[in-house]
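Protein chains in written order, with this note's numbering: chain A, 1 to 997; chain B, 998 to 1499.
Here a beta-carbon is modelled for each residue, glycine too, at the ideal position from N, C-alpha and C.
Worksheet for the structure shown next.
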Amino acid sequence: QDRTVRGQVTAADDGFPLPGVSIVVVGTTLGTTTDFDGNYEISVPDRAELKFSYIGYTAQTVPVDNREKIDISLEPETDQLSEVVVIGYGTQQKKVSTASTSMVKSEDIVNTVSSDVTQALQGQSAGVNITSTSGQPDSEMKVLVRGAGTIGDSSPLYVVDGVPVTDGIGYLDPSFIERIDVLKDASAAAIYGARAANGVVLVTTKKGKEGKPVIALNSYISFQDIYKKLDLLDAQGYAVIMNEATVNSGDAPFYSPEDIRAFGKGTDWQDEAVNSGAIRQNHSLSVSGGSEYSSYATSLSYLGHEGIIGSQFNQSNFERISFSANSEHQIVRDRLKVGENFTYTNTEKNGVSDEDIYNNSIRSFLNASPIFSPYDEAGEFGMSPWADESNPLGNLYYNNFNETKIDRIVGNIFAEITLLDGLSFRTDIGLDVRNEQTRSFVPEYYLSSGNNNSSSQVTQGSGRSRRWNWENVLRYHREFGKHNLDALVGTSAQKTTYEWSSSTGFNLTFNDFDHAYLSNATNVENIVSGGRNTDYAIQSYFGRVLYDYNNRYLFTATLRRDGSSRIGSDNRYGYFPSFSLGWNISDEAFFPKESFIASLKLRGGWGQNGNDRIGDNVYRSLISSTDKNYYFGIGNSLERYIGSVADAIANPDIKWETSEQVDIGFDARLLKYFTLTFDYYRKDTKDWLVYIPTPDIVGADGTFINGGNIRNEGFELELGYTQHFGDFTISASGNLARNGNKVLRIENDEGLIQGSTDVLFQGLDEMYRVEEGMPVGYFYGLKTDGIFQNEAEVAAQEAQPNARPGDVRFVDLNGDGVINAEDKTKIGDPNPDLTYGFNLNLNYRAFDLSVYTYGVAGNQNAFGVRTYERFYNNYTTDILNRWHGEGTSNRIPRVTSGGDANGNYTRFSDLYIQNASFFRIKTVNLGCDLTKLTDKLPFSQLRLYVSANNLFTFTSYKGMDPEIGFSGNTGDPWASGVDVGFYPQPRTYTIGLNLTF
Amino acid sequence: CSESFLETDTYTEKNEETFYKTPEDAFEGLIAVYDNLQRVGYGHFILTSELISDNCFGGFGKTDNTEALEWNNFMQTSNPNLNGSLWKFNYQGIYRANVLLEKLDQVEWGDQQKLKLRYEAEARFLRAHFHFELARVFGNIVAVDHVIREKEEYKTPQSSPEEIYALIASDFKFAAENLGEVANEDFGRASKWAAEAYLAKAYLFYTDYYEKPDLAGVVSKEEVIGYLEDLINNSGHHLVEDFSTLWPAASGEDYAGEDNKEFIWSVRYVNKGNDSWDFLEGNTWNVMIGLRNQIHPPYSKGWGAAPVRAELYRAYENGDSRRDATIIGFDEEGVPFDDSDQRQYTGYAWKKYIPTASSEEETDTEADGGDFQRDNPEDYIVLRFADVLLMAAELNLEVNSGKAQQYFNRVRERAFGGDPGHNKNVTKEAIMEERRLELALEGHRYWDLIRNSMAKTKAAIDYTEGGEEYSTTFRPETGGFLAIPYNQIQLSGGTLKQNEGW
């Protein structure tokens, strides 16, 4: 017997009606939503129960009990402590959690209008520092949880729906993510053992909810442009400086006054290289829903993303198509549950190089002289008057023919069986398969004497990685009076196989990218190829006890035993324990009720984690035959012989790094509307996996040893605020983290690891290093003390015998009368002291406004965009403040052409160092939900929005972008803040649509 | 899961536990030592030797970095690791030789014990070659006669000259006593004759520079003369008739070939590198001395390093065939060289070793499918019969002056097309001058200078004409040795001591 029930849903705090509340008959797919005035009407069977749910409010379930009118008042969900936290192998009520975690919810991911999930997280959780490495579509972000804990790979472990994934989470469509939880402290992350030393990022994708199907369409289109150009000299300014430089070097000026007048403004290569209005668009469609027994969520999404530099030549583009399907089914009610999560992603991209000084299309157009035209009269790339300078547009075009195509499936299938009351067993098989095909091509071309290619070449490569993991967990969850126990034991096995091959052929029968395939290579004798296969396996046992008494006294203990194939058999297994305690002190009788502090939990923990990311087989001494050939014989008897030797001396004792962390913090609710979380931590990473460069007299490459300690110490603060004022809701959050990074020990005699040379330009000495007592990758160079203003000042010193007036005066730190490498010292630190973010969401009836910001403070960058070895390279307008006569400058030296005898720029000094603190308004998003303006629309949501990304950046940094995760040289993954010219992040304007019905 | 789950295979590499079992494995180990001869390009021993000698200036392009100028002028300002690759790769070669020498005993040789002896002798020959390059350039080096595996040994102090040269001498001596001829299909491998010639070279440098009576107590003067007699009389090596046919650019069609009987041992380079930095089989240093960014057949392009001093060109007498086979005179030959981007232009460039081109458009290396920077095929001639004759003359000066005169005359007569009219009385000075002319641009001159005296070296090298651009000053306080790479001193925790004067 059906009956019709009517009623109105209002908010408990202010009494206003709530439109769009979901009402479901429990155990069925029957359901409806409230209209604009909060009214509803639904036909229900007798004895039915109705569930009312609405985002931001606590859901209520009420029996119908023969009533015809049921009015409901929903309580706003202001109590953060009632939330759930995802902690790995399960969830936990936030109130009883002792872990230090940060959570970012779906809306805050989607509202930032980012094409990459990691980017969306930027600035949203305290202690998670995310830095762009390039503004190119689909470029990786550098993610550090609580500072750099190692000089190896310091990125966190990513786990998506329980499946550990490699290569980050960029493959996911942000709109398909339900929430992201970051496990920061050791007691939370210890359940992931040997891989968790750098934190764990847990991603939960969207699941279906009980009720009628929800169809959602999210679409946007963005227009991008460069947000800041470098202030480079125009042609006339350039000519004046070049003349001064040649005169200073004792030659006649290059240009006559007539030449200079004729130059005009010349070419601004930045304008030529940027594709203003490059388009980014994302469309995703999802269907989700469920019944009492099953739930499902399926989505399809497309992202098309043109880069702002090079996409006009079709050289910088990214496309991503992804399908997702998640579902869960009760096979035997309350006894057996089976489900799966799958995402398939297909991506295609091509990109321009912005890697280092050698292979960097961006750098070439920041250095190009402005005195020649991009194209000549025939439409060909214009030639520079300098014989060995090449047209940077030509360089952008010719040197960036490449494509990467990836098919990837990440998924898992699980079954969960309830054996006894409270005792359940879950088995979960996960798979992450990635197939990658790459192709690159260099045509025959000629741009200059140093930049040309006489035989076309193509490289085709393919790689396939397959990772499977199988996890079995037995869980016991029971309440004994006021004692609550949640214990689990489990096993995990995981294996990754990576196969790769690549071949390069020469002299193609076609000279264009479309036809660049190996079969077209004519120089068959010279096809170069390689291929390899590596395995990596982990086997683990783990257990965890979560216990609380009356939700008041909290205890957690975890132990994991991991074995890794990357470790030699003597040290193969390691144990990773953790303990933590919590106290909901506000539950105590002595705690004043109705005080300023509505609730307060104190917590503290200790634990150990590992990091086994040292590459495969490093503990072995491998015999290599790569590039060890020699030819004997002459004429017809000339023959190649293969040579073999171990390149490095093995260290069979190698073991993982261990990070040991102490965390003390509290979670509080202040008044009714504020939440506050504070954590102090000290993380010591011990037995660092350090690549020790052996002295050359050994003759072998360096090896990995467990040879260093680093300490990251700091605090984190997260503040949240939500309040409703009638129709107006304000919600704001802020986070602030301070981290101090210090190397405690390096196990070699000098107590340091030297950085690479030639980082800013060829011939530059080491500029950053890792050293005991210093932050990782600090800048190491000479201090300067102004400019020699006149001959008398030059003559009064002996340390710089080649100095002339206008040259830099370096500080002779050790006072030995010579300026050399012994005088180098710390001149900067690329690690920020403070990272912070501030986010604001305002909601008034149909309108909403979100603002997301983030910033860093206390760090420096090395600004090294200009290649000094080519004196004719362009300068930024800062050079107008150079020394050009006594008293004109005490900072920027005179200009010269040719040699730099005093080493003004060829020596690394604080002239290169700039403050890189910045504050960025990441996203401003203004939306209007039309369904809240009229009830004529057949949708539950029709939101139109406009948004702007990267709107303002407040910084004193002079480069294109202060945010440089880029290390400048891939040989030193720990280095950062090195600006050799890189792809800046675009400014983006977006219009978008969220449609739900 | 069982424990074996965590045992992974190394699919594409052998590992040290399973390798070095068969004679074939040992041969691969030996090839790896030879391979090390090809490592260095920029900074190669011969380039460095000529840059610092009185034969050349620094050169390169006008906007290039200043390193070549610093070499030329005994400075080290812009790069504290200026000699880094020379240091590094010679020690890498020593490591590879030591690995093989340590592993030879675990190989199952069966009835091939002779092979074992040959590999041992070749490995020791190469080890001595690497040490001897290091010992000349840096003077105070660490002599390494075993694989350094323990970290404690990373801080080994520098060896005394006696220790260094005793190791070099005993290695060469072992090679001289245990190696034989090299068959055609083995061309490029070390022979008995190469070891004998090298013993003499080491003897002369050591006894002259350090003023010692014999080669570190291992080889006496008498024995060295004996080795050279053996080489001169029994090896089959001899002077080719026409000096110019030794050098590709000078001889064209008449080129005597890399396997001519005058060359005793060369580092092999071939144009088989597949245009790839990963398969270096070619000469990567002679592109440095190629004509600055221009081809004028038969001379090919390069970076214009080490322009030849006019004094060297003028030092040859009229009729000396060696001048035009050794040096390109741009005006003299009418080569339309564009010097607008040539630093320290002198009007002269290397003809020995210069890469060749048959047309203006393409280098010969490119025409052959390679890259002009890394696939040049010109071998580096380490030991040449003319050098041996002049060494023998020098050693016999006070022992058998007749022989000395005879060896000296053979070199000189060949230079003048067999005409004995230019012969002169043999003296040490005459031999040194003859070595300068005969062996110019082959990496010998500078070491001949410093083994004689610092004063003579300074007199030869210092250059004050032509203004600041060409100004060159030798610093005798260095003892003629170059600076040890600064980063290596750092890595040694200060155990390595920087050379005097640096």
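* Going by CA-CA distance only, name the one from B/Tyr1377, B/Asp1205 and B/Asp1338 that's closest to B/Lys1349. => By 1-based counting over the second sequence, the position of residue 1349 of chain B is 352. Ranking the options by Cα distance to B/Lys1349, first place goes to B/Tyr1377.
Whose CA, out of B/Glu1466, B/Leu1131, B/Glu1174 and B/Lys1269, lies closest to the CA of B/Ile1481? Within the second sequence, numbered from 1, the residue matching residue 1481 of chain B stands at position 484. Taking the Cα of B/Ile1481 as reference, the smallest distance to any Cα among B/Glu1466, B/Leu1131, B/Glu1174 and B/Lys1269 is reached at B/Leu1131.
Query raised in the report: What residue from A/Leu782, A/Asn839 and A/Phe788 has the CA that sits closest to A/Asp812's CA?
Result: Indexing the first sequence from 1 puts residue 812 of chain A at position 812. Of the listed residues, the one whose Cα sits closest to A/Asp812 is A/Leu782.
Comparing C-alpha positions only, which one of A/Ser569, A/Tyr868 and A/Ile921 sits nearest to A/Ser897? Counting from one through the first sequence, the residue named residue 897 of chain A turns up at place 897. It is A/Tyr868 whose Cα lies nearest to the Cα of A/Ser897.
With a CB to CB cut of under 6 Å and the five nearest residues on each side skipped, what residues in its chain are close to A/Gly786? By one-based count along the first sequence, residue 786 of chain A stands at place 786. The residues are Arg809 and Asn890.
**Report entry** Assigned exposure category for B/His1441 - 16 Cβ within 10 Å defines buried
**Finding:** By one-based count along the second sequence, residue 1441 of chain B stands at place 444. By the 10 Å Cβ count, B/His1441 comes out buried.
Original post:
In terms of residue numbering, what span does the alpha helix (DSSP H) encompassing A/Ile585 cover?
Top reply: By 1-based counting over the first sequence, the position of residue 585 of chain A is 585. No alpha helix (DSSP H) contains A/Ile585, which DSSP labels as neither H nor E.
Self-check item: chain A contact for B/Trp1244 (CB, 8 Å cutoff)
Solution: Position 247 of the second sequence, counted from the start, is the residue given in the question as residue 1244 of chain B. Closer than 8 Å: no.
Check your understanding: Distance, Cα to Cα, A/Gly605 vs A/Met774?
Key -> In the first sequence, residue 605 of chain A corresponds to position 605, counting from 1. In the first sequence, residue 774 of chain A corresponds to position 774, counting from 1. About 27 Å.
- Message: Below 8 Å on C-beta distance, what does A/Tyr631 contact in chain B?
- Response: As a first step, residue 631 of chain A is located in the first sequence; it is residue number 631 there, counting from the start. What A/Tyr631 touches in chain B: Gly1185, Arg1265, Val1267, Lys1269 and Glu1278.
Positions along the region 730-754 of chain A whose CB lies within less than 7 Å of some CB in chain B:
Asp749, Glu750 and Gln754
Buried or exposed, going by whether 16 or more other CB atoms sit within 10 Å of the CB of A/Asn925?
Position 925 of the first sequence, counting from 1, holds the residue named residue 925 of chain A. A/Asn925 should be labelled buried.
**Prompt:** Comparing the CB of A/Tyr553 with every heavy atom of the ligand NAP, is any distance shorter than 7 Å?
**Reply:** By its list of ligands, the structure shown contains no ligand whatsoever, and the ligand NAP lies outside what it can speak to.
(request) Step through the CB atoms of chain A and report whether any lies within less than 8 Å of the CB of B/Trp1084. (result) Here residue 1084 of chain B refers to the residue found at position 87 when the second sequence is read from its first residue. Contact with chain A is found for B/Trp1084, since one of that chain's Cβ atoms lies less than 8 Å from the residue's Cβ.
For the beta strand (DSSP E) containing A/Gly720, list its first residue and its last residue.
On the first sequence, residue 720 of chain A is found 720 positions in, with the first residue counted as 1. Per DSSP, A/Gly720 belongs to the beta strand (DSSP E) from Gly708 to Phe725.
Could you tell me the alpha carbon to alpha carbon distance between A/Asp46 and A/Asp65, rounded to whole angstroms?
Indexing the first sequence from 1 puts residue 46 of chain A at position 46. Indexing the first sequence from 1 puts residue 65 of chain A at position 65. For A/Asp46 and A/Asp65, the distance between alpha carbons rounds to 8 Å.
- [ ] Compare the Cα-Cα distances from A/Leu485 to each of A/Phe591, A/Ala493 and A/Tyr476 and report the closest residue.
- [x] Along the first sequence, one-based indexing puts residue 485 of chain A at 485. Distance from the Cα of A/Leu485 is smallest, within the candidate group A/Phe591, A/Ala493 and A/Tyr476, for A/Tyr476.
Item to check | From B/Gln1291, B/Arg1146 and B/Leu1380, residue whose alpha carbon lies closest to that of B/Ala1191 | outcome: The residue labelled residue 1191 of chain B in the question sits at position 194 within the second sequence. Comparing Cα-Cα distances from B/Ala1191 to each of B/Gln1291, B/Arg1146 and B/Leu1380, the minimum goes to B/Leu1380.
Tell whether a beta-carbon distance below 8 Å holds between A/Val113 and A/Ala99. As a first step, residue 113 of chain A must be located in the first sequence, where it is residue number 113. As a first step, residue 99 of chain A must be located in the first sequence, where it is residue number 99. No, Cβ-Cβ distance for A/Val113 and A/Ala99 is not below 8 Å.
**Message:** How far does the beta strand (DSSP E) with A/Val633 in it extend, from its first residue to its last?
**Reply:** In the first sequence, residue 633 of chain A corresponds to position 633, counting from 1. Correcting the residue identity first, residue 633 of chain A is Gly in this sequence and not Val. Note, A/Gly633: premise wrong, no beta strand (DSSP E); not H, not E.
How close, in whole Å, do the beta carbons of A/Asp727 and A/Phe16 come, if the pair is a contact with beta carbons under 8 Å?
In the first sequence, counting from the first residue as 1, residue 727 of chain A sits at position 727. In the first sequence, counting from the first residue as 1, residue 16 of chain A sits at position 16. The Cβ separation is near 6 Å, so the contact holds.
**Asked** Applying a beta-carbon distance threshold of less than 8 Å, which residues of chain A neighbour B/Gln1089?
**Response** Position 92 of the second sequence holds residue 1089 of chain B. Those are Asp696, Gly699 and Ala700, listed as they occur along chain A.
Exercise. Should B/Pro1417 be labelled buried (16 or more other beta-carbon atoms within 10 Å of its own) or exposed?
Worked result: Here residue 1417 of chain B corresponds to residue number 420 of the second sequence, with the count starting at 1. Result: exposed.
*asked:* Could you tell me the alpha carbon to alpha carbon distance between B/Tyr1200 and B/Lys1189, rounded to whole angstroms?
replied: Indexing the second sequence from 1 puts residue 1200 of chain B at position 203. Indexing the second sequence from 1 puts residue 1189 of chain B at position 192. Cα to Cα, the separation comes out at about 17 Å.
query = Who pairs with A/Glu436 in a beta bridge, going by DSSP?
reply = Mapped onto the first sequence, residue 436 of chain A falls at position 436. DSSP, once it has assigned bridges, lists A/Ile406 and A/Gly463 as partnering A/Glu436.
Should B/Lys1218 and B/Asp1227 be called a contact, given that it needs their Cβ atoms to be closer than 8 Å? Here residue 1218 of chain B refers to the residue found at position 221 when the second sequence is read from its first residue. Here residue 1227 of chain B refers to the residue found at position 230 when the second sequence is read from its first residue. No, the pair does not count as a contact, with Cβ atoms beyond the cut-off.
May I ask you to list the residues that DSSP assigns as paired with A/Arg849? Looking up residue 849 of chain A in the first sequence gives position 849. Looking at the sequence provided, one finds Leu at residue 849 of chain A rather than Arg. Note: A/Leu849 sits in a beta bridge opposite A/Leu842 and A/Leu926.
| query | Of all Cβ atoms in chain B, is any one closer than 8 Å to the Cβ of A/Val104? | reply | Looking up residue 104 of chain A in the first sequence gives position 104. Closer than 8 Å: no.
Original post:
CA-CA distance, A/Ser187 and A/Asn949?
Top reply: Working through the first sequence from its first residue, we reach residue 187 of chain A at position 187. Working through the first sequence from its first residue, we reach residue 949 of chain A at position 949. Looking at the backbone, the Cα of A/Ser187 and that of A/Asn949 are separated by about 36 Å.
List the endpoints of the continuous alpha helix (DSSP H) containing A/Trp606. Numbered from 1 along the first sequence, position 606 holds the residue referred to as residue 606 of chain A. Not the alpha helix (DSSP H): A/Trp606 falls in the beta strand (DSSP E), residues Ile597 to Asn611.
| said: Please state whether the Cβ-Cβ distance between A/Glu306 and A/Thr347 is less than 8 Å. | reply: Numbered from its first residue, the first sequence carries residue 306 of chain A at position 306. Numbered from its first residue, the first sequence carries residue 347 of chain A at position 347. Against a cut-off of 8 Å, the Cβ pair of A/Thr347 and A/Glu306 comes out as no contact.
Figure out for me which residue from A/Val200, A/Pro137 and A/Ile585 has the closest Cα to the Cα of A/Asn166. Residue 166 of chain A sits at position 166 when you count from the first residue of the first sequence. It should be pointed out that residue 166 of chain A corresponds to Thr in this sequence rather than to Asn. Closest in C-alpha terms to A/Thr166, from the list A/Val200, A/Pro137 and A/Ile585, comes A/Val200.
Which residues in chain A sit within 7 Å of B/Asp1256, going by Cβ to Cβ distance? Your numbering for residue 1256 of chain B matches position 259 in the second sequence. Correct list: Ile634.
Drop a sphere of 10 angstroms on the beta-carbon of B/Cys1053, count the other beta-carbons inside from all chains shown, and report buried for 16 or more, exposed for fewer. Within the second sequence, residue 1053 of chain B is the residue found at index 56, counting from 1. So B/Cys1053 ends up on the buried side.
Practice problem: Would you list, in sequence order, the uninterrupted beta strand (DSSP E) runs of no fewer than 3 residues that lie entirely inside the region 625-683 of chain A? | Solution: 630-632, 639-641 and 657-670
Exercise for the section: Determine the direct distance from the alpha carbon of B/Ala1029 to that of B/Gln1089, and round the result to whole angstroms. Expected result: Indexing the second sequence from 1 puts residue 1089 of chain B at position 92. Indexing the second sequence from 1 puts residue 1029 of chain B at position 32. Answer to the nearest angstrom: the Cα atoms are 10 Å apart.
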